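K.L.:
Before we start, here is the structure in question, set down as structure tokens.
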Amino acid sequence: MPELPEVETIRRQLAPVVEGRGLLGLDIEDPRWCAPLSPAVLREAFEGRRVERLGRRGKYLIWHLEGDVHLLVHLRMTGTLLIDPPIGAPYRRVRFVLDGPGPAEIAFCDPRRFGTGEVALGHAALAAFLDARVGIEPLSDSLTGPALAALARGRRAPVKAFLLDQRRVACVGNIYADEALHRARIHPLRPVGTLKRAQFAALAQGVREALTAGLAAGGATIDDFRHADGVRGSFQDEFLVHLRRGEACGTCGTTIVKFVVGGRGTYVCERCQPRPRRARAVDRTGRPAASP
Ligand SMILES: [Zn+2]
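Numbering follows our numbering, with no gaps: position 206 of the sequence shown is 231.
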């Protein structure tokens, strides 16, 4: 599933291609993409307008068009945006047709068809849409130890489940949660409300470092993720713990283990990230995993 580094990688590739150009056509071939609105409503709202900026908030790619209209694209599980894809590119759901010189088309391709396109008319509607769905932007100055501590106060949820809740911290998915917790030396089952002030600071730092490393590598390629130019990211070669069950921790040499937290495969070095005492005695949420 694309996470922040993957979405931001796509944004950085697409922005110079689309910004300043007119959107001649928005050809929605799969109406489910924009349901409950009809493709005709989106065409009416967007066609013929100039693209002022391609932005991102959380995992939403936002086409800011002239006249204060905004198209929010979410890639979900398998969506991607390809620049001038070959004719007959599989799983195409939407075509963005651009005017003027340069690549003529951006295609939204999406084998599993969970990706979405949504409309915000006016900046107030855009802000309301995002405030209801997207938490702290993790690569911004607003991700700090005290900010995380304030969100976590009184909560018993495992810190990993807390990180995965997009309404608290945007854009931290399964890969980057594991990588951030390892960097912060925090066990994923630790109840988030019990972390110390220094651990919240380490967690904020760990999230930022993991995402920055992912971005530098052009994201991770797992499943179907592709860049807008069809190239794959390489962050999967740099994982410290994620998907490395049975391998030695690069810091201490202890064997990395895998278990399940909140339904997600979770990878930990339990020497660098000591298991909380209660979870050791009564293990309600962590159970041994059957397969890597
Ligand atoms: Zn270790």
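By construction, the Cβ of each residue, glycine as well, lies at the ideal position given by its N, Cα and C atoms.
Note that the structure is predicted; figures quoted are calculated from it, not measured.
Would Gly239 and Tyr292 be called neighbours here (beta carbons separated by less than 8 Å)?
P.N.:
The answer is no: Cβ separation not under 8 Å.
K.L.:
Does the segment 32-41 come close enough to the segment 78-89 that 3 or more CB-CB pairs lie under 8 Å?
P.N.:
Touching, yes, given that three or more Cβ pairs across the two stretches are closer than 8 Å.
K.L.:
What does the alpha-carbon distance come out to for the pair Arg123 and Arg210?
P.N.:
With the sequence shown as reference, residue 123 is identified as Leu, and Arg is not the correct amino acid for it. Those two C-alpha atoms are separated by around 47 Å.
K.L.:
Hey, how far is the Cα of Ala172 from the Cα of Ala40?
P.N.:
Rounded to whole angstroms, Ala172 to Ala40 spans 30 Å at the Cα level.
K.L.:
Please indicate yes or no: does the CB of Arg296 lie closer than 7 Å to some heavy atom of ligand 1?
P.N.:
Arg296: yes, Cβ under 7 Å from ligand 1.
K.L.:
With distances taken between CB atoms, is the gap from Val286 to Leu214 smaller than 8 Å?
P.N.:
A contact, by the Cβ cut-off of 8 Å.
K.L.:
Assess, as a yes-or-no matter, whether the segment 104-120 is touched by the segment 135-143 under the definition of 3 or more beta carbon pairs within less than 8 Å.
P.N.:
Output reads yes: the segment 104-120 touches the segment 135-143.
K.L.:
Ligand 1 and Thr291: does any heavy atom of the ligand fall closer than 7 Å to the residue's C-beta?
P.N.:
Checking the Cβ of Thr291 against ligand 1 gives no.
K.L.:
Is Ala273 buried or exposed, if buried means 16 or more other CB atoms sit within 10 Å of its CB?
P.N.:
Under this definition Ala273 is an exposed residue.
K.L.:
Mark Ala132 as exposed unless 16 or more other C-beta atoms lie within 10 angstroms of its C-beta, in which case mark it buried.
P.N.:
Ala132 comes out buried.
K.L.:
Based on the DSSP output, what are the partners of Ile53 in its beta bridges?
P.N.:
Paired residue(s): Val119.
K.L.:
Apart from the five residues just before and just after Phe264, which ones in its own chain have a Cβ nearer than 7 Å to its Cβ?
P.N.:
Hits under 7 Å: Glu204.
K.L.:
Compute every distance between the C-beta of Thr280 and the non-hydrogen atoms of ligand 1, then say whether any falls below 7 Å.
P.N.:
No, ligand 1 has no heavy atom inside 7 Å of this Cβ.
K.L.:
Is the CB of Leu49 under 8 Å away from at least one CB in chain D?
P.N.:
Structure shown: chain D not included; a single protein chain is present.
K.L.:
From which residue to which residue does the beta strand (DSSP E) around Ile87 run?
P.N.:
Element bounds for Ile87: 85-90.
K.L.:
Looking at ligand 1, does it come within less than 7 Å of Thr276, judged from the CB to the closest heavy atom?
P.N.:
Within the cutoff, so yes.
K.L.:
Give the secondary structure of His148 by DSSP, where H, G and I count as helix, E and B as strand, and everything else as coil.
P.N.:
Helix at His148.
K.L.:
Give the DSSP-derived three-state secondary structure of Arg75 in the structure shown.
P.N.:
Reduced to three states, the DSSP call for Arg75 is strand.
K.L.:
Report the start-end ranges of each beta strand (DSSP E) in the segment 125-172 that is 3 residues or longer and not cut off at the edges.
P.N.:
Runs of the beta strand (DSSP E) inside the segment 125-172: 130-134, 141-146.
K.L.:
For Ser167 and Asn199, I'd like the C-alpha separation in whole angstroms.
P.N.:
Spanning the two alpha carbons is a distance of roughly 21 Å.
K.L.:
Assuming the contact rule is C-beta atoms closer than 8 Å, Phe121 and Leu67 should be a hit. Round their C-beta distance to whole Å, please.
P.N.:
In fact, because the Cβ distance is near 11 Å, the residues do not count as touching under 8 Å.
K.L.:
Taking Gln191 and Gly160 to be in contact with their CB atoms under 8 Å, please state how far apart those CB atoms are, rounded to whole angstroms.
P.N.:
The pair is a contact, with the Cβ atoms about 6 Å apart (cut-off 8 Å).
K.L.:
Name the residue from Gly278, Val217, Pro299, Val144 whose alpha carbon lies nearest to the alpha carbon of Ile87.
P.N.:
Comparing Cα positions, the closest option is Val144.
K.L.:
Starting from Val286, follow the alpha helix (DSSP H) in both directions and report where the run begins and ends.
P.N.:
Careful: Val286 lies outside any alpha helix (DSSP H), inside the beta strand (DSSP E) at 282-286.
K.L.:
Would DSSP call Ile35 helix, strand or coil?
P.N.:
In the structure shown, Ile35 sits in a helix (DSSP, three-state: H, G or I).
K.L.:
Ignore the nearest five residues each way along the sequence and tell me which others in Gly45's own chain have a CB closer than 6 Å to its CB.
P.N.:
Hits under 6 Å: none found.
K.L.:
Please name the residue, chosen from Ala241, Ala174, Ile53, Gly243, that lies closest to Asp135 on a Cα-to-Cα basis.
P.N.:
The residue with the shortest Cα to Cα distance from Asp135 is Ile53.
K.L.:
Could you work out which residue in Ala223, Ala186, Trp58 is closest to Tyr116 when comparing CA atoms only?
P.N.:
Closest option to Tyr116, Cα to Cα, is Trp58.
K.L.:
List the DSSP bridge partners of Arg289.
P.N.:
Looking at the DSSP assignment, Arg289 forms a beta bridge with Val286.
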